[in-house]
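Participant: Next up is a structure, given as structure tokens.
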Ligand SMILES: [Zn+2]
């Protein structure tokens with residue numbers, strides 16, 4: 002598991018701020034939470050703190066689910082509810098605080114992504130979701146993609162159900178949110194003369210026992226929701242309508258008690274499965290998907306490179322060879338190119354070794370650049386030995402549109418031992434035993450490039466080449 006690419010998923014709610022470390026498959030590996038607050042600056046600070054607590058070298062990106070209207074493509078919050086993040090540049094500021102790519106989206110879109118990946122809508126292609134909480138959120142997926150329209154499609158809480166109804170915060174009257182949300186349920190209860198502490202479960206119990214008031218409240222709450230669902234079904238013709246949010250299950254139950262109708266437009270209606278976890282899981286999955294699609298959204302015919310990265314003695318050569326054999330992609334190792342020159346030229350000092358290293362690095366990318374379009378190479382090097390900007394330069398000239406990184410590492414003491422054991426096999430010009438303390442220090446601060454998707458390999462453990470190959474097939478498209 003530690004070798005998978007991971008993301009941090011964040012769900013901003015009116016009561017709680019949730020964050021979790023999410024695996025490639027949507028599993029929650031760790032979770033933290035904080036209290037929410039109406040002050041957006043305070044919320045941003047708490048989010049940054051949660052990210053800091055969950056962050057690690059395997060984290061490729063961060064996803065944030067935001068209540069309200071969100072322009073996901075332009076990463077802008079257009080309006081919010083209890084926490085209005087429209088005034089803070091959430092994505093940009095979090096990105097610079099965390100040093101990771103950040104994607105944002107409406108919270109219900111995030112929840113639907115999670116439910117489609119591993120919840121109540123798994124295997125379904127066309128799904129409509131309502132989240133019933135303080136307000137009513139909505140999301141629509143067609144062919145497993147979120148329907149966005151110009152930017153904010155799917156705000157199903159603003160389907161009109163009463164032309165002369167209550168004024169909604171959107172500026173219209175009688176949106177379903179004004180009559181079928183959690184807030185509205187409180188209003189129905191109060192208007193019926195019941196105390197504010199009556200729970201929805203008590204209403205069901207009273208209704209089952211024949212209490213007309215309780216039945217009337219549930220009917221007034223659920224009937225407009227039924228109308229909104231039927232409207233959404235007529236518009237999108239989904240296989241499934243999901244009801245999520247804190248009151249999703251209750252709404253599902255209340256709908257079942259309504260008289261049956263047989264309109265033209267019908268779809269199965271089910272409660273969502275993932276509960277409060279849907280938001281963070283969906284946010285994490287969206288973040289990972291965006292990293293993959295950004296890495297692959299390069300010019301057609303571009304070349305691709307698997308960057309097998311790690312400091313000397315990190316075990317990266319074994320990993321690179323294994324990948325090359327399994328995937329059938331040619332291997333270019335820095336040492337393979339450099340060593341014949343070192344041997345032929347002989348008597349080299351460390352500075353000369355470095356010069357040859359730089360030349361070999363350039364040679365690798367020249368070879369890649371000569372390959373046919375679409376070719377994929379496995380490149381074995383300690384990429385930290387040269388500036389990142391130089392790598393970007395080389396990649397640009399070589400026409401490499403997509404990279405994936407395999408980060409190989411082991412504790413400093415292990416590296417020292419491996420390095421010592423191989424001293425007599427290294428050609429002259431390689432630094433000798435005097436390099437070992439430096440290597441141990443380097444092990445402490447060496448970091449992956451984090452360019453594109455990242456797979457983490459602890460080389461003190463048996464290397465799971467099946468997992469690496471499967472991951473590469475997933476992230477390297479085309
Ligand atoms: Zn409205």
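In this note's numbering, the protein residues as written are 2 to 479.
The beta-carbon is built from N, C-alpha and C at its ideal position, and this holds for glycine as well.
Which residues share a DSSP beta bridge with residue 450?
Facilitator: Residue numbering aside, residue 450 sits at position 449 when the chain shown is read from its first letter. Note: residue 450 sits in no beta bridge, so no partner.
Participant: Assign residue 330 to one of two classes, buried (16 or more other C-beta atoms within 10 Å of its C-beta) or exposed (fewer than that).
Facilitator: Within the chain shown, residue 330 is the residue found at index 329, counting from 1. By the neighbour-count rule (16 or more Cβ atoms within 10 Å), residue 330 is buried.
Participant: Would the stretch 207-226 and the stretch 170-190 be scored as touching if the rule is three or more Cβ pairs under 8 Å?
Facilitator: Output reads yes: the stretch 170-190 touches the stretch 207-226.
Participant: Quick one: using the 10 Å Cβ neighbour count with 16 as the cut-off for buried, is residue 123 buried or exposed?
Facilitator: Counted from its first residue, the chain shown places residue 123 at position 122. Classification of residue 123: exposed, given that the 10 Å Cβ count is below 16.
Participant: At which residue ranges does the stretch 319-384 contain complete beta strand (DSSP E) runs of 3 or more residues, listed in the order of the chain?
Facilitator: For the stretch 319-384, whole beta strand (DSSP E) runs of length 3 or above, ordered along the chain, are 332-334 and 377-382.
Participant: Helix, strand or coil for residue 263, going by three-state DSSP, please let me know.
Facilitator: By 1-based counting over the chain shown, the position of residue 263 is 262. Three-state DSSP puts residue 263 in coil, outside helix and strand.
Participant: Assuming residue 34 contacts residue 19 under a Cβ cut-off of 8 Å, what Cβ separation, rounded to an integer in Å, is found between them?
Facilitator: On the chain shown, residue 34 is found 33 positions in, with the first residue counted as 1. On the chain shown, residue 19 is found 18 positions in, with the first residue counted as 1. With a Cβ gap of about 5 Å, residue 34 and residue 19 count as contacting.
Participant: Take residue 251 and list the residues in its own chain whose beta-carbon comes closer than 7 Å to its own, dropping the five residues that flank it on each side.
Facilitator: On the chain shown, residue 251 is found 250 positions in, with the first residue counted as 1. Cβ neighbours of residue 251 beyond the five flanking positions: 201.
Participant: Give the range of the beta strand (DSSP E) segment to which residue 130 is assigned.
Facilitator: Mapped onto the chain shown, residue 130 falls at position 129. Its beta strand (DSSP E) spans residues 128-133.
Participant: Is residue 155 near residue 176, with beta carbons less than 8 Å apart?
Facilitator: By one-based count along the chain shown, residue 155 stands at place 154. By one-based count along the chain shown, residue 176 stands at place 175. Contact: no.
Participant: Using the rule of at least 16 other Cβ atoms within 10 Å of the residue's Cβ for burial, across every protein chain shown, is residue 21 buried or exposed?
Facilitator: Along the chain shown, read from residue 1 onward, the residue named residue 21 stands at position 20. By the neighbour-count rule (16 or more Cβ atoms within 10 Å), residue 21 is buried.
Participant: Could you spell out the range, first to last residue, of the alpha helix (DSSP H) harbouring residue 190?
Facilitator: Walking along the chain shown from the start, residue 190 turns up at place 189. Run containing residue 190: 183-192, per the alpha helix (DSSP H) assignment.
Participant: Alpha helix (DSSP H) containing residue 43: first to last residue?
Facilitator: As a working mapping, residue 43 is identified with position 42 in the chain shown. Per DSSP, residue 43 belongs to the alpha helix (DSSP H) from 41-55.
Participant: Tell me which residues share the same chain as residue 189 and place their Cβ nearer than 6 Å to its Cβ, disregarding the 5 neighbours each side in the sequence.
Facilitator: Stepping through the chain shown from its first residue, residue 189 is reached at position 188. Once the five neighbours on either side are set aside, the close Cβ partners of residue 189 are 218, 221 and 222.
Participant: With a Cβ-Cβ cutoff of 8 Å, do residue 105 and residue 67 count as a contact?
Facilitator: Locating residue 105 in the chain shown gives position 104, counting from the first residue. Locating residue 67 in the chain shown gives position 66, counting from the first residue. For residue 105 and residue 67, yes; Cβs fall inside 8 Å.
Participant: Report yes if the C-beta of residue 96 is less than 7 Å from at least one heavy atom of ligand 1; otherwise report no.
Facilitator: Indexing the chain shown from 1 puts residue 96 at position 95. The answer is no for residue 96.
Participant: Take the Cβ of residue 110 as the centre, count every other Cβ of all protein chains shown within 10 Å, and call the residue buried at 16 or more, exposed below.
Facilitator: To locate residue 110, count along the chain shown from 1; it is residue 109. Classification of residue 110: buried, given that the 10 Å Cβ count is 16 or more.
Participant: Any idea if residue 337 is buried or exposed, counting beta-carbon neighbours within 10 angstroms, 16 or more meaning buried?
Facilitator: Within the chain shown, residue 337 is the residue found at index 336, counting from 1. That one is exposed.
Participant: Could you tell me whether the Cβ atoms of residue 131 and residue 262 are closer together than 8 Å?
Facilitator: Numbered from its first residue, the chain shown carries residue 131 at position 130. Numbered from its first residue, the chain shown carries residue 262 at position 261. No; because the gap between Cβ atoms is not below 8 Å, this pair is not in contact.
Participant: Using 7 Å as the cut-off, classify the Cβ of residue 159 as near or not near the heavy atoms of ligand 1, replying yes or no.
Facilitator: As a first step, residue 159 is located in the chain shown; it is residue number 158 there, counting from the start. Under cutoff, so the answer is yes.
Participant: Verify whether the separation of the beta carbon atoms of residue 45 and residue 94 is less than 8 Å.
Facilitator: For the purposes of this step, residue 45 is taken as the residue at position 44 of the chain shown. For the purposes of this step, residue 94 is taken as the residue at position 93 of the chain shown. Yes. Within cutoff.
Participant: Do the CB positions of residue 279 and residue 115 come within less than 8 Å of each other?
Facilitator: Taking the first residue of the chain shown as position 1, residue 279 is located at position 278. Taking the first residue of the chain shown as position 1, residue 115 is located at position 114. Taking 8 Å as the Cβ cut-off, residue 279 and residue 115 qualify as a contacting pair.
Participant: Please state the DSSP three-state secondary structure of residue 395.
Facilitator: The residue given as residue 395 occupies position 394 in the chain shown. Helix.
Participant: Is the stretch 431-447 close to the stretch 318-332, with three or more CB pairs under 8 Å?
Facilitator: As far as the Cβ criterion goes, the stretch 431-447 does not touch the stretch 318-332, which means the pair count is below three.
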